[in-house]
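If you read the sequence shown in this note's numbering, its first letter stands for residue -6, the second for the next number, and so on. Heads up, the beta-carbon is just placed ideally off N, CA and C, and yes, glycines get one too. Report on one structure; see the data block that follows.
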Amino acid sequence: MSRPRVVIVGAGFAGYRAARTLARLTRGRARVTLLNPTDYFLYLPLLPQVSAGILEARRVTVSLPGTLRGVRLVLGEADRVDLDGRTVRYTDPEGGTGSLAYDRLVLAVGSVNKLLPIPGVAEHAHGFRGLPEALYLRDHVTRQVELAAAADDPAERAARCTFVVVGAGYTGTEVAAQMQMLTDRLARRHLPGGARPRWMLLDVAPRVLPELDERLSRTADRVLRARGVDVRMGTSVKEATHDGVLLTDGDSVRSRTLVWCVGVRPDPLVEAVGQPLERGRLIVDPHLRVPGREDVFACGDAAAVPDLEHPGKFTPMTAQHAWRQGRVAGENVAASLGLGRRRRAYRHRDLGFVVDLGGVQAAANPFGIPLSGLPAGAVTRGYHLAAMPGNRVRVLADWLLEAVLPRQGVQLGLVRSWSVPLDTSSPELARVPGVPRGPASADPTDDTPTTTRPAPTERPATAPPAEPRQDTEPGGTRPRGEPAETQPGGEPAKNRQGGEHAMTKPGDEPAKSQPGGEPARNQPGGAPAANQPSGEPAKPHPGGEPAKNQPGGEPAKNQPGGEPARNQPGGEPAKNQPTREPPRPHPQPPAHPRPGHPSPGPVKRTDPHGPAERPDTPGPAEGDS
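As structure tokens, this is what we get:
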């Protein structure tokens, strides 16, 4: 009898917990497959500390293959769910498509940035839902302070040192608190005259942290204002531009940084399922099962779960609820397969919240007891260490080093502005150049991932020269001073020195005449030309073997004492022909001259299909705990 197939879509708080619970309960009696765009679980509550440079990025990522024994990981993003055919179609990181068949399905796709119809926000703001966005914000903020230090115009310096955060919920409050401390340290190192960066925290709500206890709100508000953060409640952004923002209270603020933390919305995949929704979330019963679909479960931010503690309401989109719903979903899936205990309804009572405000400052109310200052900071970090499913020792080590060593304020430039757009269905992934997707060729009766990969796109053998650096990047959406990019993602141009080899035909090997590639293969017989770069030295040149009839060489083949010459037609030696070297192919000049040698001119090629073309334009977590 074949084992039942369980597919879990998403590895956020809910999906990760569901997979771990199922692996423990089924003990190999079910084939559990986890579909996720990355190979890690991201612990979102500590993401602001990554942006602030306190924790390294890998500290908040937990390996899925390393911690989920007995669970098969498939890298990809779900595109479509066929409830009638019981299949999930996905796209892998390299553009191929595949399909997974299931007997039980758990939808835990999480949420993405919430957008509002405000002019300019989608173009000029950046969210804070994934690791790429956190890394980008750290580099961007560091760069703005460094550029401000080099600016002669006081107005430009002030604009670069003004940072606007929209949304005073859990994420926005922590981002403003942690990043304000980072920029203050950078300012002491770079800015003259003791100038301090300006941080603004905006929200239409009447107070900071409106969803939490009012005592936590007062503590956070007091700490932020004491550090100089401009907290404006009842205020939001009316319009955003490259040079600043216009606020709803009529104030115009010049700034190059707009961080969007107004909330989250369910992943767009939920709408494509075709089941009843509640404000974009998939409606489920208290057992986390989709009504009318006995084989489909949903949990986390993607599901509207009835709140049994507050009848008539649904549980909020927080990491606490997602983590606990994942466990219940795993138990109920196992029970539906006859491999676990009886199913149970989801019921949860909050035990308190913690908010890290940087340094020793925090706000917490464990078991309803309000705390602030150092005690709250100890409770907050203790809670995070206990809640993390891995990397506890490494996180603790980074915290200890942060307490005794100065923070490293450098920008690595690993994530560019265009690769982390606000309007994206995958905040956990940085945008990469578009890859054509081939049609799925999966057998819906098999749960083995099947992949159809597209043929490589055609690329020209030579690349246009890089554009000179400008004050602002194309479109004026990125600040001056970022490295000029000629290829999406900041990777080296594929046909330049240091990059990969250029391709001249679809599916062909790298162009053999490019630097760093193999010797050119356009010589007779397909062998490398003897005088090409990386090939053997040409025989008659210094460094090669001596010519057969030169002093110090072997005697010429048709000289007395030598063997007969073998270059006659038919392959038989001419016994008494005059001495003559075998004809050699005409040497090809190298594609790029070596340093110190003049260029012999370009190598001319003829492609029967014409020059290839390649477009230069790039293509495009759980609850807010």
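Under the 8 Å Cβ criterion, the region 147 to 155 does not count as touching the region 259 to 271, having fewer than three qualifying pairs.
Take M174, set aside five residues on each side of it, and the residues of its chain with a beta-carbon closer than 8 Å to its own are A45, R220, G351, G352, in chain order.
Judged by their CB atoms, T228 and L240 are nearer to each other than the 8 Å cut-off. One alpha carbon belongs to G5, the other to F34, and they sit about 6 Å apart. D242 and R340 have their C-alpha atoms some 42 Å from each other.
Annotated three-state conformation of M174 is helix, per DSSP. Bounds of the alpha helix (DSSP H) holding P58 are 57 to 60.
Looking at V158, E421, Y95, the one whose alpha-carbon comes closest to that of D75 is Y95. Between T84 and P382, the CB-CB gap reaches or exceeds 8 Å. Residue environment analysis places Q401 among the exposed positions, since fewer than 16 neighbouring C-beta atoms fall within 10 angstroms of its C-beta.
By the criterion of a C-beta distance shorter than 6 Å, L130 is surrounded in its chain by S44, once the five residues flanking it on both sides are discounted. G375 has its alpha-carbon roughly 12 Å from the corresponding atom of A355. For D32, the closest of V238, Y9, E49 by C-alpha to C-alpha distance is Y9. Collapsing the DSSP output to three states places S210 in a helix. Taking the CA atoms as reference points, V321 sits about 15 Å from D294.
When Cβ pairs closer than 8 Å are counted between the two stretches, the region 62 to 70 is seen not to touch the region 193 to 203, the count staying below three. Taking T234 as reference, the option from V25, L378, G113, R409 with the minimal CA-CA separation is G113.
Between the C-alpha atoms of D260 and L100 there is a straight-line separation of about 10 Å. A residue is called buried once 16 or more other Cβ atoms fall within 10 Å of its Cβ, and L194 is buried on that count.
Cβ-Cβ separation between V64 and A16: approximately 5 Å, consistent with a contact (criterion under 8 Å).
M193 is bridged by DSSP to V157, D223. Leaving aside the five residues that flank E324 on each side, the residues in its chain whose CB is nearer than 8 Å to its CB run, in chain order, T14, L18, G333, R334, R336, R337.
For R97, the enclosing beta strand (DSSP E) starts and ends at 97 to 100. Looking from the CA of H280, the closest CA among V263, E264, D300 belongs to D300.
Inclusion of P125 and L422 in the CB contact set at 8 Å is warranted, their separation being smaller than that value.
Here S210 has R200, V201, L202 as same chain residues with Cβ atoms under 6 Å from its own Cβ, once five neighbours each way along the sequence are excluded. In the three-state reduction of the DSSP assignment, Y9 falls in the helix class, which pools H, G and I. Your pair R97 and S245 does not check out as a contact, with CB atoms roughly 54 Å apart and the cut at 8 Å. The shortest CA-to-CA distance from G89 to any of L275, D77, D72 is the one to D72. Counting only the Cα atoms, V386 lies some 22 Å from Q171. Bridge pairing for I1: L27, V99 [DSSP]. DSSP places S329 in the helix class (H, G or I) of the three-state scheme. For Y33, DSSP records a beta bridge to S56. Contiguous alpha helix (DSSP H) elements confined to the region 124 to 168 occur at 124 to 143, 147 to 153, taking only those with 4 or more residues.
Look at T308 here: in three-state DSSP terms it is coil, with no helix or strand label. Per DSSP, the unbroken alpha helix (DSSP H) holding V386 starts and ends at 385 to 397.
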